[in-house]
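>
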Amino acid sequence: MSEDLAALEQQARLLIDAGQLVEAEALLRPALASGTGPIVLWRLLVKAIRPQGKISETRTIQEMVVQTLPGDLGARFDLSETLLLQGEFTRGWREYRFRYSLEHTTRMARKVQRPRWEGQPLPGKTLLIHDEQGYGDTFQFLRMAQWARARSGARVILEINAESYSLAQRSGGFDDLIVRGTLPPAFDFHCEMMSLPMAMKLQLSDLPGPDPYLPYLTPDPVRVARWQKRLAHLPRPLVALVWAGRPEHHNDARRSLALADLAPLAQPGVTFLGLQKGPAAAQGASPPEDMHFLSLSDEIADFEDTAAILSLADLLISVDSSPVHLAGALGRPAWVMLPFVPDWRWLLEREDSPWYPAMRLFRQPVMDEWGPVLNTLAGELGRLKAAC
């Protein structure tokens, strides 16, 4: 690459890192106007235009990169997320399998000396299904363990993270349940939980599943009784709030808010329950003025507490976070605030989610603009209050 192109690359990276995507795009376009140019610049253009919602062009460029460099597994994974975002499940799941072939994810991969299940019948065999990645992923894909058991006819060992173990105990779909990190019984085949869609050739039309309104997770009755007493004196409706995701998430700056940003939601007669965990939970000490807000963050010990509260609340309002998927798995109503270009699992343009029948999606109409989302939510919340 020439010195001029190297300087252009460096300048584009600085603009993208600073969130100046329009400026980065304007800088890169002339160098690529002929339809040719260094792959590194095409990849930077994707980083500049994808968050702006230019998804069709993003896919075209990613397809070109993959065709040019078929052995570049990072490029194939990037393409997979765009395909899944567009609802292109068949190829999307196939390319998504490269998620553990990247430099920063290889340490996360489970090294298993058994063949991966590819959806075939396994009578008389044992299948290990192991969860992966974040808690929200576990809650979203846990339903598929039961489908895999029925499809394979195998004895299923489900390996789950310790934080989700007690909830998973009540989900069914397995013969043995073990905590991640313990030695599993002998097995013949394995499958990562998020590879089940590829193995089973999952399509949008298969969702949410054979029993669309039947929750596949249930709260602990003992915890529900405890939280019922704790919340009994509060005026309804009870609206649970989560305003920030995990700070380490690659898109957290665009998906998370501050509690103060939710001031437009405050209205008389609505009680807000703060379920926020992590560093952002400290904001619960200073809620927006006029918001009837009760922070429960310090009282929530684990996901069992969160599940119990969600089963009692009238609604969850949240950014894209694990409590959203927990609410969906519990069959509880949730309103999700989404950035202009969301994570692939929320697809494009839809106001509903095929994964969760009781969920509504509220999307930014313009990149980085939360005001219209909050104003719409406030109006819908007013109608919910009137109906209570």
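Residues 716 to 1103 in our numbering are what the sequence shown lists, from first letter to last.
The beta carbon of each residue, even a glycine, is placed where N, CA and C say it ideally should be.
Please work out which residues of its chain come closer than 7 Å, Cβ to Cβ, to serine 886, disregarding the five sequence neighbours upstream and downstream, and give them in chain order.
Counted from its first residue, the sequence shown places residue 886 at position 171. Hits under 7 Å: Leu857, Tyr931, Leu932.
> Compare the C-alpha of threonine 986 against each of Ala955, Ala975, Ala1073 and name the closest.
Reading the sequence shown from its first residue, position 271 is the one you call residue 986. Minimum Cα distance to threonine 986 is reached at Ala955.
> In or out: serine 771 buried (at least 16 other Cβ within 10 Å) or exposed?
Position 56 of the sequence shown, counted from the first residue, corresponds to residue 771. Flag for serine 771 reads exposed.
> Mapping DSSP to helix, strand and coil, what is leucine 922?
Residue 922 sits at position 207 when you count from the first residue of the sequence shown. DSSP places leucine 922 in coil when its eight states are reduced to three.
> Output yes or no for whether 7 Å exceeds the beta carbon distance between valine 781 and arginine 791.
The residue labelled residue 781 in the question sits at position 66 within the sequence shown. The residue labelled residue 791 in the question sits at position 76 within the sequence shown. Contact flag set, yes.
> Could you tell me which of Glu963, Pro785, Leu882 sits nearest to leucine 1041, measuring between CA atoms?
Numbered from 1 along the sequence shown, position 326 holds the residue referred to as residue 1041. Per the Cα distances, Leu882.
> Taking three-plus beta-carbon pairs below 8 Å as touching, is the segment 906-917 in contact with the segment 825-837?
The answer is yes - the segment 825-837 touches the segment 906-917, with three or more Cβ pairs under 8 Å.
> If you draw a straight line from the C-alpha of leucine 1089 to the C-alpha of proline 838, how long is it?
Counted from its first residue, the sequence shown places residue 1089 at position 374. Counted from its first residue, the sequence shown places residue 838 at position 123. Roughly 52 Å between the two C-alpha positions.
> What number of angstroms, rounded off, separates the C-alpha of proline 1054 from the C-alpha of proline 952?
Start at 1 with the first residue of the sequence shown, and residue 1054 comes out as number 339. Start at 1 with the first residue of the sequence shown, and residue 952 comes out as number 237. Their backbone Cα atoms lie some 26 Å apart in a straight line.
> For proline 994 and proline 962, which I take to be in contact (beta-carbon distance under 8 Å), what is that distance rounded to the nearest angstrom?
For the purposes of this step, residue 994 is identified with residue 279 of the sequence shown, where counting begins at 1. For the purposes of this step, residue 962 is identified with residue 247 of the sequence shown, where counting begins at 1. With 8 Å as the limit, proline 994 and proline 962 qualify as a contact, their Cβ atoms being about 6 Å apart.
> To the nearest angstrom, how far is the alpha carbon of lysine 769 from that of glutamine 726?
Indexing the sequence shown from 1 puts residue 769 at position 54. Indexing the sequence shown from 1 puts residue 726 at position 11. Cα to Cα, the separation comes out at about 22 Å.
> Within the segment 735-799, note down every full beta strand (DSSP E) run reaching 3 residues or more, in order along the chain.
Taking only runs of at least 3 residues, no beta strand (DSSP E) segment lies wholly in the segment 735-799.
> With contact counted as at least three CB pairs below 8 Å, one residue from each stretch, are the segment 901-914 and the segment 988-1005 in contact?
Verdict: no, contact absent.
> Can the beta-carbon of serine 1026 be found less than 7 Å from the beta-carbon of valine 1081?
By one-based count along the sequence shown, residue 1026 stands at place 311. By one-based count along the sequence shown, residue 1081 stands at place 366. Taking 7 Å as the Cβ cut-off, serine 1026 and valine 1081 do not qualify as a contacting pair.
> Verify the CB distance criterion: does glutamate 878 have a CB-CB separation below 7 Å to chain C?
You won't find chain C in this structure, because it holds only one protein chain.
> Return yes when the Cβ of glutamine 982 is within less than 7 Å of the Cβ of serine 1012, no when it is not.
Counting from 1 along the sequence shown, the entry for residue 1012 is found at position 297. Counting from 1 along the sequence shown, the entry for residue 982 is found at position 267. For serine 1012 and glutamine 982, no; Cβs fall outside 7 Å.
> Shortest alpha-carbon distance to glutamate 874 belongs to which of Ala997, Ala865, Asp890?
Along the sequence shown, read from residue 1 onward, the residue named residue 874 stands at position 159. The option with the nearest alpha carbon to glutamate 874 is Asp890.
> Quick one: residues in its chain with C-beta nearer than 6 Å to the C-beta of aspartate 1005, no 5 flanking neighbours on either side, listed in chain order?
Your numbering for residue 1005 matches position 290 in the sequence shown. So the qualifying residues of the chain are Ala981.
> Mapping DSSP to helix, strand and coil, what is histidine 1040?
By 1-based counting over the sequence shown, the position of residue 1040 is 325. Correct three-state label for histidine 1040: helix.
> How would you call leucine 1031, buried or exposed, if buried means at least 16 neighbouring beta carbons within 10 angstroms?
As a position in the sequence shown, residue 1031 is number 316, starting the count at 1. Label assigned to leucine 1031: buried.
> How many Å lie between alanine 1101 and arginine 1075 at the Cα?
Working through the sequence shown from its first residue, we reach residue 1101 at position 386. Working through the sequence shown from its first residue, we reach residue 1075 at position 360. Roughly 19 Å separates the two Cα atoms.
> Spatial neighbours of valine 755 within its chain, please: CB distance less than 7 Å, with the 5 preceding and 5 following residues excluded, ordered by chain position.
Stepping through the sequence shown from its first residue, residue 755 is reached at position 40. Cβ neighbours of valine 755 beyond the five flanking positions: Glu724.
> Taking 7 Å as the cut-off, decide whether the C-beta atoms of leucine 794 and glutamate 810 are in contact.
Residue numbering aside, residue 794 sits at position 79 when the sequence shown is read from its first letter. Residue numbering aside, residue 810 sits at position 95 when the sequence shown is read from its first letter. Yes; because the gap between Cβ atoms is below 7 Å, this pair is in contact.
> Helix or strand or just coil, what does DSSP make of glutamine 991?
The count along the sequence shown starts at 1 and reaches residue 991 at position 276. Three-state DSSP puts glutamine 991 in coil, outside helix and strand.
> Tell me which same chain residues have a C-beta within less than 6 Å of the C-beta of glycine 896, skipping the five on either side of it?
Indexing the sequence shown from 1 puts residue 896 at position 181. Excluding residues within five positions, none has a Cβ falling inside 6 Å.
> Taking only three categories from DSSP, how would you classify threonine 1166?
Outside the displayed span of the chain (716 to 1103) sits residue 1166, for which this structure offers no information.
> Please classify glutamate 1084 as buried or exposed, where buried requires at least 16 other C-beta atoms within 10 Å of its C-beta.
Position 369 of the sequence shown holds residue 1084. By the 10 Å Cβ count, glutamate 1084 comes out exposed.
> Can you give me the Cβ contacts of histidine 1007 inside the same chain, cut-off strictly under 6 Å, excluding the 5 residues immediately before and after it?
Stepping through the sequence shown from its first residue, residue 1007 is reached at position 292. Excluding sequence neighbours, histidine 1007 sits near Thr986.
> Could you name the residues that DSSP lists as bridge partners for phenylalanine 904?
As a position in the sequence shown, residue 904 is number 189, starting the count at 1. Answer by DSSP bridge pairing, in chain order: Leu842.
> For valine 761, I'd like the list of residues in its chain whose CB is within less than 7 Å of its CB, leaving aside the five on either flank, ordered along the chain.
Position 46 of the sequence shown, counted from the start, is the residue given in the question as residue 761. Cβ neighbours of valine 761 beyond the five flanking positions: Thr773, Ile776, Gln777.
> So what does DSSP say about serine 1033, is it helix, strand or coil?
In the sequence shown, residue 1033 corresponds to position 318, counting from 1. The answer is strand: DSSP assigns serine 1033 an E or B state.
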